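Asker: The structure under discussion is supplied below as structure tokens; questions concerning it will follow.
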Amino acid sequence: MTLSMPMFGRRTLVRRVMLALLAAFCLVWIVLLARDFINETDSARFDERVLTLGNRLSGMLAKAKNDDEARAIIATTSTLVNASYREHNVPGIMLMQLYGADGAPLYRSPESGATRLGQAGRQLSDVMVDGQPFRLYQQQAGGRTLRLGAQIIQRNWILQRMGIDLAISMLIALPLVVLPLWLAVRRGLRPLQQLSDQITAKGLHDLEPLTAVPEYEEIKPLAAALDTLLTRLRHKIAREARFVQDAAHELRTPMAVISAQAHVLALAPDARQRAEAEQQLDQAVARSSHLVQQLLEMALFERELEQHAPLEKLDAAQLAQQAIADVAPAAMRRDIELSLEAPDTLLHALDRHAFLSILHNLLHNAVHYIQEGGQVRVELLRLAADGPLMLAVTDNGPGIAPAEQALVFERFYRCAGQNMPGSGLGLSIVQQAAMRLRGTVQLTTTPQSGGCRFVIEIPA
Numbered sequence: 001m002t003l004s005m006p007m008f009g010r011r012t013l014v015r016r017v018m019l020a021l022l023a024a025f026c027l028v029w030i031v032l033l034a035r036d037f038i039n040e041t042d043s044a045r046f047d048e049r050v051l052t053l054g055n056r057l058s059g060m061l062a063k064a065k066n067d068d069e070a071r072a073i074i075a076t077t078s079t080l081v082n083a084s085y086r087e088h089n090v091p092g093i094m095l096m097q098l099y100g101a102d103g104a105p106l107y108r109s110p111e112s113g114a115t116r117l118g119q120a121g122r123q124l125s126d127v128m129v130d131g132q133p134f135r136l137y138q139q140q141a142g143g144r145t146l147r148l149g150a151q152i153i154q155r156n157w158i159l160q161r162m163g164i165d166l167a168i169s170m171l172i173a174l175p176l177v178v179l180p181l182w183l184a185v186r187r188g189l190r191p192l193q194q195l196s197d198q199i200t201a202k203g204l205h206d207l208e209p210l211t212a213v214p215e216y217e218e219i220k221p222l223a224a225a226l227d228t229l230l231t232r233l234r235h236k237i238a239r240e241a242r243f244v245q246d247a248a249h250e251l252r253t254p255m256a257v258i259s260a261q262a263h264v265l266a267l268a269p270d271a272r273q274r275a276e277a278e279q280q281l282d283q284a285v286a287r288s289s290h291l292v293q294q295l296l297e298m299a300l301f302e303r304e305l306e307q308h309a310p311l312e313k314l315d316a317a318q319l320a321q322q323a324i325a326d327v328a329p330a331a332m333r334r335d336i337e338l339s340l341e342a343p344d345t346l347l348h349a350l351d352r353h354a355f356l357s358i359l360h361n362l363l364h365n366a367v368h369y370i371q372e373g374g375q376v377r378v379e380l381l382r383l384a385a386d387g388p389l390m391l392a393v394t395d396n397g398p399g400i401a402p403a404e405q406a407l408v409f410e411r412f413y414r415c416a417g418q419n420m421p422g423s424g425l426g427l428s429i430v431q432q433a434a435m436r437l438r439g440t441v442q443l444t445t446t447p448q449s450g451g452c453r454f455v456i457e458i459p460a
């Protein structure tokens with residue numbers, strides 16, 4: 001965002017604030033105009049003004065010593081009042097008439113013309129003069145009768161006049177409010193420009209957090225969000241780089257075997273050597289395929305872990321039965337007994353792929369590494385009503401030395417003295433899958449047989 005652009009050019013925060021302020025001024029103008037219009041057109045207030053003028057004039061006329069002095073008083077008052085009407089362009093007149101005790105007219109204002117204001121039954125009443133509405137005031141004053149006719153002004157003129165007068169006042173006040181606010185907003189947005197400049201100055205591969213800590217509380221959430229985004233991008237790039245490095249490192253050996261066996265297969269002089277080469281080639285391809293599959297699985301769990309993908313209610317007992325059925329053929333070839341201790345149905349918030357991956361990898365490792373004729377037991381239970389789910393896989397194999405139990409979850413780690421083929425990724429995948437389920441995995445040694453016992457606890 002460029003802060004030096006015109007305020008009413010492109011869409012800017014300054015423009016938005018100024019427009020909001022103008023809208024607020026318009027709203028205030030409407031509210032004040034409505035209030036003043038209601039007050040001004042209130043008949044009680046109009047009557048109050050007529051009564052005030054009439055009573056004051058009656059008081060002065062009552063003190064007049066003679067008719068000439070009374071005529072002078074009312075004539076002067078009529079001239080001043082109607083001159084004020086004309087000066088302010090009020091579309092109305094004030095009729096003033098004075099009558100003696102015998103009813104003879106003593107004075108009629110020039111505005112009255114030949115009109116004679118009739119007698120009123122009370123002090124204030126409504127009359128029509130030449131088709132125009134008037135408010136008639138009548139009062140005895142020193143033996144004389146005073147009659148005032150105040151023309152009722154049309155409401156549309158009152159509204160127009162008040163609107164103009166109020167708008168002038170608002171326009172005078174507007175720059176006194178807008179200018180300081182505009183300067184304050186422009187100055188207040190400088191930290192945003194500084195933050196933008198800092199981001200622009202970062203290099204193409206610079207994903208480190210922002211160095212400058214914002215001074216203002218309103219900017220801190222934005223800077224924190226940017227730092228979080230940079231951290232996530234940094235981790236994502238590191239994860240992808242690690243994936244490429246791991247794949248390149250681990251695929252080097254099987255690819256070399258594939259190349260060598262393909263060369264042997266092409267040059268083999270007899271059928272026996274070709275068969276051996278084909279067998280070695282198939283094994284290398286299978287190992288490469290399995291390794292790539294495990295690497296992709298780990299990358300998937302890491303990505304889902306960052307995205308906080310939602311879980312769904314699944315039957316954990318049914319999934320455990322499915323996993324055991326998948327591994328059963330391999331177990332039968334080595335005469336390994338598989339058993340499951342679980343209720344018929346056990347619903348829990350799970351990710352199908354992650355839960356099956358945990359079971360497949362743990363069962364595959366157990367069947368692969370324990371002695372022939374061994375036993376593998378799967379336990380599945382809920383620790384309490386609406387509590388966490390516990391999955392345990394126990395075998396009676398040779399176990400893992402306590403010193404290595406914390407290391408086996410690292411990528412590509414293989415226990416010392418282990419001659420069985422494998423990539424060293426299985427338990428690392430188990431740990432990633434458990435994290436995907438917001439759970440934990442622990443490895444202990446069974447006291448009876450010395451075998452391995454993996455316990456995964458998945459929260460509700």
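Residue 394 in the UniProt record's numbering sits at position 394 of the sequence shown, and the numbers go up by one each step. Just so you know, even glycine gets a beta-carbon here, dropped at the ideal spot from N, CA and C. Please read these numbers as outputs of a predicted model, since none were measured by experiment.
(1) Compute the distance between the beta-carbons of residue 473 and residue 137, then report whether it is under 7 angstroms.
(2) Name the two residues that bound the continuous alpha helix (DSSP H) containing residue 197.
(3) Would you identify the three-state DSSP class for residue 106, choosing helix, strand or coil?
(4) In its own chain, which residues sit with a C-beta less than 6 angstroms from the C-beta of residue 2, not counting the 5 before and 5 after it?
(5) Look up residue 134 in the DSSP assignment and give the residues it is bridged to.
(6) Compute the Euclidean distance between the alpha carbons of residue 218 and residue 189, then round it to the nearest angstrom.
(7) Would you call the segment 360-368 in contact with the segment 398-411, where contact means no fewer than 3 C-beta pairs closer than 8 angstroms?
(8) Got a sec, what are the start and stop residues for the beta strand (DSSP E) residue 454 sits in?
(9) So, do the segment 84-93 and the segment 147-155 have three or more beta carbon pairs nearer to each other than 8 angstroms?
(10) Since residue 394 is in the beta strand (DSSP E), which residue starts that stretch and which ends it?
(11) Output yes or no for whether 7 angstroms exceeds the beta carbon distance between residue 314 and residue 324.
(12) The alpha helix (DSSP H) that contains residue 13, what's its start and end?
(13) Can you give me the start and stop residues for the beta strand (DSSP E) that residue 78 sits inside?
(14) On a Cα-Cα basis, can you pick out the residue from 345, 329, 403, 274 that is closest to residue 531?
(15) Bridge partners of residue 94, per DSSP?
(16) Please classify residue 164 as buried or exposed, where buried requires at least 16 neighbouring CB atoms within 10 angstroms.
(17) Straight-line CA distance for residue 283 to residue 317?
(18) Excluding the 5 residues preceding and the 5 following residue 4 in the sequence, name in chain order all residues of the same chain whose CB lies nearer than 6 angstroms to its CB.
(19) Throw me the rounded Cβ distance for the residue 28 and residue 185 pair, which I believe falls under 8 angstroms.
(20) Just checking my contact of residue 392 with residue 455 at CB under 8 angstroms: how many whole Å lie between their CB atoms?
(21) Taking DSSP as the reference, what is the three-state secondary structure of residue 205?
(22) Where residue 8 and residue 25 are concerned, what is the direct C-alpha to C-alpha distance, given to the nearest angstrom?
(23) Using a threshold of 7 angstroms, state whether the C-beta atoms of residue 440 and residue 453 are closer than that.
(24) Check whether the segment 345-361 touches the segment 424-439, counting contact only when three or more Cβ pairs, one atom from each stretch, lie closer than 8 angstroms.
(25) Sort 101, 226, 116 by Cα distance to residue 108 and report the nearest one.
(26) Using three-state DSSP, classify residue 433 as helix, strand or coil.
(27) Under three-state DSSP, which class holds residue 215?
(28) For the segment 49-63 and the segment 140-149, state whether three or more C-beta atom pairs, one from each stretch, are separated by less than 8 angstroms.
(29) Take residue 47 and list the residues in its own chain whose beta-carbon comes closer than 8 angstroms to its own, dropping the five residues that flank it on each side.
(30) State the CB to CB distance for the pair residue 67 and residue 103, rounded to an integer number of angstroms; the pair is presumed to be in contact (CB under 8 angstroms).
(31) Please report the straight-line C-alpha distance between residue 281 and residue 362, rounded to a whole angstrom.
(32) Return the CA-CA distance between residue 114 and residue 147, expressed in angstroms with no decimal places.
(33) On the DSSP letters alone, give me the boundaries of the alpha helix (DSSP H) that residue 52 sits inside.
(34) Just the Cα atoms here: how many angstroms apart are residue 228 and residue 255?
(35) Thinking just about the alpha-carbon of each residue, which of 177, 192, 426, 97 is nearest to the one in residue 13?
(36) Smallest Cα separation from residue 21: which of 401, 118, 129, 174?
Answerer: Taking the coordinates as given:
(1) Limits of the chain in this structure are 1 at one end and 460 at the other, which puts residue 473 out of reach.
(2) 190-201
(3) strand
(4) Note that residue 2 has pLDDT 42, beneath the 50 cutoff, so the model's placement of it is unreliable and no number is given.
(5) 127, 151
(6) 11 angstroms
(7) no
(8) 452-458
(9) yes
(10) 389-395
(11) no
(12) 13-40
(13) Note, residue 78: premise wrong, no beta strand (DSSP E); alpha helix (DSSP H) at 67-87.
(14) The displayed coordinates of the chain run from 1 to 460. Any statement about residue 531 would go beyond what the structure contains.
(15) 150
(16) exposed
(17) 34 angstroms
(18) Confidence is the limiting factor: at residue 4 the pLDDT is only 43, short of 50, which leaves the residue's position unreliable and the question unanswerable from this model.
(19) In fact, because the Cβ distance is near 20 angstroms, the residues do not count as touching under 8 angstroms.
(20) 5 angstroms
(21) coil
(22) Bear in mind that the predicted position of residue 8 carries a pLDDT of just 48, short of 50, making it unreliable; the figure below should be weighed with that in mind. The straight-line gap from Cα to Cα measures roughly 18 angstroms.
(23) no
(24) yes
(25) 116
(26) helix
(27) coil
(28) yes
(29) 124, 135
(30) Their Cβ separation, rounded to whole angstroms, is 14 angstroms, which puts residue 67 and residue 103 out of contact at 8 angstroms.
(31) 27 angstroms
(32) 15 angstroms
(33) 43-62
(34) 39 angstroms
(35) 192
(36) 174
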